[in-house]
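**Q** Before anything else, here's the structure in question.
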Ligand SMILES: N[C@@H](CCC(=O)N[C@@H](CS)C(=O)NCC(=O)O)C(=O)O
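Residue numbers (the numbering used here): 6 to 242.
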């Protein structure tokens, strides 16, 4: 049995982390049975979630989880795609993970109102007297990470513009197809679904959400995935 270490549902999402959501989606696409464990963050081999324990084999990072599934279970997420489509799928995935992701982090963690509505709730487990200090330290670290990446050096307007271009690109690549590359989901759909569902999250007021909501095909894409793969959560929403 595969154990996936996750944060657990939050903000009306399957998981607040798009990378965890991606890993869950990959396992579902491959038809693998798994259980979730929300107590693994302290032991995360790379200090981040997700990671999995597959009968004693520990695999950290959503992309290496994908590689593990491909190798061990001989599952080709991109079966039937041309080399060109595989290339586009990989590029789209990495645009989400290494560009759009940081805009999402900025919007959720550095905007005071969004922070209070969302990430601040993670700190309820900290003892009340030290909670404000812990929150401040973690937010400072997030700011430093954003600065290190580079996106955090831009103005809010510039970040919004870059994120909007990412969402416009996702909508353009998807077009009128049900999934990114056609009638069946491919590997990159796990990532794109995770990011589109996160962008549309109604817990947050962000230009990213407005940009996603402006594309009816992205909203329908999120709904299609939710109904097919997370029907219970879709019903509760
Ligand atoms: N490249 C990693 C990224 C995972 C990642 O960034 N996870 C974040 C949550 S979205 C995390 O665990 N952050 C905790 C931290 O940095 O302390 C993957 O694909 O799994």
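Every residue gets a Cβ at the ideal spot worked out from N, C-alpha and C, and that includes glycine. Keep in mind the model is a prediction, meaning the values are calculated, not measured.
1) Is the region 180 to 195 touching the region 90 to 106, taking contact as three or more C-beta pairs under 8 Å?
2) Might you give, ordered along the chain, the residues of its own chain that have their beta carbon closer than 7 Å to the beta carbon of residue 164, omitting 5 neighbours on each side?
3) Quick one: using the 10 Å Cβ neighbour count with 16 as the cut-off for buried, is residue 135 buried or exposed?
4) Report whether the distance from the Cβ of residue 54 to the nearest heavy atom of ligand 1 is below 6 Å.
5) Just to confirm, are residue 24 and residue 50 a CB contact at a threshold of 7 Å?
6) In terms of DSSP beta bridges, what is residue 57 paired with?
7) Does the region 213 to 226 come close enough to the region 165 to 174 to have 3 or more Cβ pairs within less than 8 Å?
8) Does the Cβ of residue 24 lie closer than 6 Å to at least one heavy atom of ligand 1?
9) For a test of the three-state rule: what should DSSP assign to residue 78, helix, strand or coil?
10) Quick check: what's the CA-CA separation for residue 7 versus residue 68?
11) Tell me which residue opens and which closes the alpha helix (DSSP H) that residue 210 is part of.
12) Let me know the secondary structure DSSP gives residue 185 once reduced to three states.
13) For residue 34, I'd like the list of residues in its chain whose CB is within less than 7 Å of its CB, leaving aside the five on either flank, ordered along the chain.
14) So what does DSSP say about residue 219, is it helix, strand or coil?
15) So, for residue 177: in the same chain, excluding its five sequence neighbours on each side, which residues have a beta-carbon less than 6 Å away from its beta-carbon?
16) Label residue 181 either buried or exposed according to how many other C-beta atoms from any shown protein chain fall within 10 Å of its C-beta, with 16 as the threshold for buried.
17) Nearer than 6 Å: is that true of the beta carbon of residue 59 relative to any heavy atom of ligand 3?
18) Mapping the DSSP letters down to three states, classify residue 116 as helix, strand or coil.
19) Taking the alpha helix (DSSP H) that residue 173 belongs to, which residues open and close that run?
20) Please classify residue 160: is it buried, with 16 or more other beta-carbons within 10 angstroms of its beta-carbon, or exposed?
21) Go through its chain and collect everything with a Cβ distance to residue 174's Cβ below 8 Å, but skip five positions before and after it.
22) Nearest by alpha-carbon distance to residue 226: which of 16, 211 and 199 is it?
23) Would DSSP call residue 194 helix, strand or coil?
24) Ordered along the chain, which non-local residues of its own chain (more than five positions away) have a Cβ less than 6 Å from that of residue 32?
**A** This is what the structure holds:
1) Taking 8 Å as the limit for Cβ pairs, the verdict is that the region 90 to 106 does touch the region 180 to 195.
2) If you number the chain shown from 1, residue 164 lands on position 159. Once the five neighbours on either side are set aside, the close Cβ partners of residue 164 are 108, 111 and 156.
3) In the chain shown, residue 135 corresponds to position 130, counting from 1. Looking at its Cβ environment, which holds fewer than 16 other Cβ atoms inside 10 Å, residue 135 is exposed.
4) For the purposes of this step, residue 54 is taken as residue 49 along the chain shown, with counting starting at 1. The nearest non-hydrogen atom of ligand 1 is less than 6 Å from the C-beta of residue 54.
5) Position 19 of the chain shown, counted from the first residue, corresponds to residue 24. Position 45 of the chain shown, counted from the first residue, corresponds to residue 50. Cβ atoms of residue 24 and residue 50: not closer than 7 Å.
6) On the chain shown, position 52 is the one that residue 57 refers to. Answer is 9 and 64.
7) Judged by Cβ distances under 8 Å, the region 213 to 226 makes contact with the region 165 to 174, as three or more pairs qualify.
8) Locating residue 24 in the chain shown gives position 19, counting from the first residue. Checking every heavy atom of ligand 1 against the Cβ of residue 24, one is found closer than 6 Å.
9) Position 73 of the chain shown, counted from the start, is the residue given in the question as residue 78. Of the three classes helix, strand and coil, the one that applies to residue 78 here is coil, per DSSP.
10) Here residue 7 corresponds to residue number 2 of the chain shown, with the count starting at 1. Here residue 68 corresponds to residue number 63 of the chain shown, with the count starting at 1. If you take the alpha carbons of residue 7 and residue 68, they lie about 16 Å apart.
11) Taking the chain shown and counting its residues from 1, one reaches residue 210 at position 205. Per DSSP, residue 210 belongs to no alpha helix (DSSP H) and is neither H nor E.
12) As a working note, residue 185 is residue 180 in the chain shown. Coil, per DSSP.
13) Mapped onto the chain shown, residue 34 falls at position 29. Contacts found: 82, 190 and 195.
14) If you number the chain shown from 1, residue 219 lands on position 214. In this structure, residue 219 counts as coil in the three-state DSSP scheme.
15) If you number the chain shown from 1, residue 177 lands on position 172. Here residue 177 has no same chain residue with a Cβ atom under 6 Å from its own Cβ, once five neighbours each way along the sequence are excluded.
16) Numbered from its first residue, the chain shown carries residue 181 at position 176. By the 10 Å Cβ count, residue 181 comes out exposed.
17) The model depicted lacks ligand 3 and carries ligand 1 instead.
18) As a working note, residue 116 is residue 111 in the chain shown. Judged by DSSP in its simplified three-state form, residue 116 adopts coil rather than helix or strand.
19) Counted from its first residue, the chain shown places residue 173 at position 168. Element bounds for residue 173: 161 to 179.
20) Your numbering for residue 160 matches position 155 in the chain shown. With fewer than 16 other Cβ atoms within 10 Å, it is exposed.
21) Taking the chain shown and counting its residues from 1, one reaches residue 174 at position 169. In its chain, beyond the 5 residues on either side, 97 and 100 have a beta carbon closer than 8 Å to the beta carbon of residue 174.
22) For the purposes of this step, residue 226 is taken as residue 221 along the chain shown, with counting starting at 1. Comparing alpha carbon positions, the residue from 16, 211 and 199 closest to residue 226 is 199.
23) As a working mapping, residue 194 is identified with position 189 in the chain shown. Reduced to three states, the DSSP call for residue 194 is helix.
24) Your numbering for residue 32 matches position 27 in the chain shown. Excluding sequence neighbours, residue 32 sits near 39.
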